[in-house]
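Asks:
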Amino acid sequence: MTKALILTVRGWWESQPEQPPVAKVFLTVGQFTCVEPAGLQFAFEVQTQGTFLDGAELVIQETPLIAFCHPCQAEYRPEIGLRYGCPTCQGPMEDIRSGRELKIERVEYANTPASVP
Amino acid sequence: MHQSTDTAIGLNLLHANQAGADHNRAHFDEWGITCLNVMSSPGAGKTALLEKTLAALSPTLRIAVIEGDMTTELDADRLRQYGVPVIAINTGRSCHLDSRMVAGGIHTLAHEHNPAELDLVVVENVGNLVCPAEFEVGEHAKVALLSVTEGEDKPLKYPVMFREADVLLITKIDLAPYLDVNLAHIEANARQVNPHVTIIPVSAKTGEGLDVWYQWVTSTVRQPLPIAAVH
Chain A
0 MTKALILTVR GWWESQPEQP PVAKVFLTVG QFTCVEPAGL QFAFEVQTQG TFLDGAELVI
60 QETPLIAFCH PCQAEYRPEI GLRYGCPTCQ GPMEDIRSGR ELKIERVEYA NTPASVP
Chain B
0 MHQSTDTAIG LNLLHANQAG ADHNRAHFDE WGITCLNVMS SPGAGKTALL EKTLAALSPT
60 LRIAVIEGDM TTELDADRLR QYGVPVIAIN TGRSCHLDSR MVAGGIHTLA HEHNPAELDL
120 VVVENVGNLV CPAEFEVGEH AKVALLSVTE GEDKPLKYPV MFREADVLLI TKIDLAPYLD
180 VNLAHIEANA RQVNPHVTII PVSAKTGEGL DVWYQWVTST VRQPLPIAAV H
């Protein structure tokens, strides 16, 4: 997943007219994904060493799993690992309103002269 | 002077992988091939299921297999006995196939065979219930396997895999009488996270349920591809 993230950021970065050094990468990561923020943070730090993202900080904002129950016309918070159905009517988890996000929101450039070795 | 600039990206984290997956799917569509991505934990019976499937369906469907195996060609060798093209992708230590690895498999397939003469490509993913769920490889449908020996709670513990699956095969049902496992509970747990998933209980050993699976495969291959899949 870390590799996928770095590939996507690199593809975007290389397509930009200029390539100033990246200081921070901001992500939104939903709770209902296969990404563990702490693990991603650690792997990012290790895997970006010696690359264009060396030293860049990864800032992860987590979003909760929120489902919508059609019969009840209400949102609810499934209990991950235990129960995903609607607590009121026991209906299954039909629509997911939040929690599937895996998004690179923005980067922050360090707008200083590059000092990459 | 330290002046920072923010620039919005707004790309999915898996954008690079997704672009590759769309590219692979476009190849499949061009060749009239349906692609299935088969996923499960290690030892759930993916290869055993494929062996039976190749034996039963390869006379009527023209099938090839792209085989993701961490370090060996053991699975690929098992499948080659059925006389179909088997492309082994050695994934090294990677815990899932990504669209780039499968693209390599597709190129080998196109180089060694005539892809326009195939109906179905089955991608056997690396055994893992977590990462493969997020990495599309260019498939038209996702097939998940869960064996009865793994326990009823797995759809609750690895929900993304079971949420994403189009069809769920509950495998090794011949072992169910010897275990404290209730098929109805597995199905109910899977439906909590994916109410519309097609569930097919099977045993590759006794053959029970396999005809339902073969029917599903055949009807999926014969179906015209959804517009969304054509690029």
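Protein chains in written order, with numbering that gives the first Met the number 0: chain A, 0 to 116; chain B, 0 to 230. Every residue gets a Cβ at the ideal spot worked out from N, C-alpha and C, and that includes glycine.
Kindly indicate which residue of P58(B), A102(B), V83(B) has the alpha-carbon position closest to the one of N89(B).
Replies: It is A102(B).
Asks: Check each candidate in W30(B), N181(B), V136(B) and name the one with the smallest Cα separation from E151(B).
Replies: E151(B) has its Cα closest to that of N181(B), out of W30(B), N181(B), V136(B).
Asks: Note down, in chain order, each residue of its chain lying with its Cβ closer than 7 Å to the Cβ of H95(B), except the 5 sequence neighbours on either side.
Replies: The residues are N124, V125, N127, C130, P131, F134.
Asks: Heavy atom of the ligand COA less than 7 Å from the Cβ of V201(B), yes or no?
Replies: Absence of the ligand COA is noted for the structure shown, with no ligands found whatsoever.
Asks: Report the three-state DSSP secondary structure of L48(B) (helix, strand or coil).
Replies: Helix at L48(B).
Asks: Among the candidates L6(A), G98(A), R82(A), D53(A), whose CA atom is the shortest distance from the CA of L155(B)?
Replies: Selected option, being the one with the closest Cα: R82(A).
Asks: Kindly give me the distance between the Cβ atoms of Q30(A) and E61(A), rounded to whole angstroms, as I take these residues to be in contact under 8 Å.
Replies: About 6 Å; that satisfies the 8 Å criterion.
Asks: Check for me: the beta strand (DSSP E) holding R96(A) runs from which residue to which?
Replies: Per DSSP, R96(A) belongs to the beta strand (DSSP E) from 94 to 97.
Asks: I want to see whether chain A comes within less than 8 Å of E186(B), judged by CB atoms only; does it?
Replies: For E186(B), the answer is no, since every Cβ of chain A falls outside 8 Å of its Cβ.
Asks: With 7 Å as the C-beta to C-beta threshold (strictly closer), list the residues of the stretch 177 to 202 of chain B near chain A in chain order.
Replies: Residues passing the 7 Å Cβ filter: R190, Q191, V192, P194.
Asks: What ranges does the alpha helix (DSSP H) occupy inside the stretch 66 to 105 of chain B, keeping only unbroken runs of at least 4 residues that lie completely in it?
Replies: Segments of the alpha helix (DSSP H) lying fully in the stretch 66 to 105 of chain B: 73 to 79.
Asks: At what residue ranges does the stretch 95 to 154 of chain B contain a whole run of the beta strand (DSSP E), taking only runs of 3 or more?
Replies: Correct list: 119 to 123, 140 to 146.
Asks: So, does the CB of P91(A) fall closer than 8 Å to a CB anywhere in chain B?
Replies: So yes, P91(A) belongs to the interface.
Asks: Taking the straight line between their C-alpha atoms, what separation do you get for R96(A) and F161(B)?
Replies: Approximately 18 Å between the Cα atoms of the pair.
Asks: Anything in the stretch 21 to 39 of chain A with a Cβ closer than 7 Å to a Cβ of chain B? List those residues in chain order, please.
Replies: Cβ contacts with chain B come from A22, L26, F31, T32, C33.
Asks: I need the straight-line Cα distance from D68(B) to A87(B), nearest angstrom please.
Replies: Distance between the alpha carbons of D68(B) and A87(B) is about 7 Å.
Asks: Using 8 Å as the cut-off, can you tell me whether the stretch 7 to 21 of chain B makes contact with the stretch 102 to 109 of chain A, which would need three or more C-beta pairs spanning the two stretches below that distance?
Replies: Counting Cβ pairs under 8 Å, three or more are found: they touch.
Asks: Where DSSP assigns a beta bridge to V28(A), which residues make up the other side?
Replies: V28(A) is bridged to E61(A), L101(A).
Asks: Counting only beta-carbon atoms, is P41(B) nearer than 8 Å to chain A?
Replies: No, no contact with chain A.
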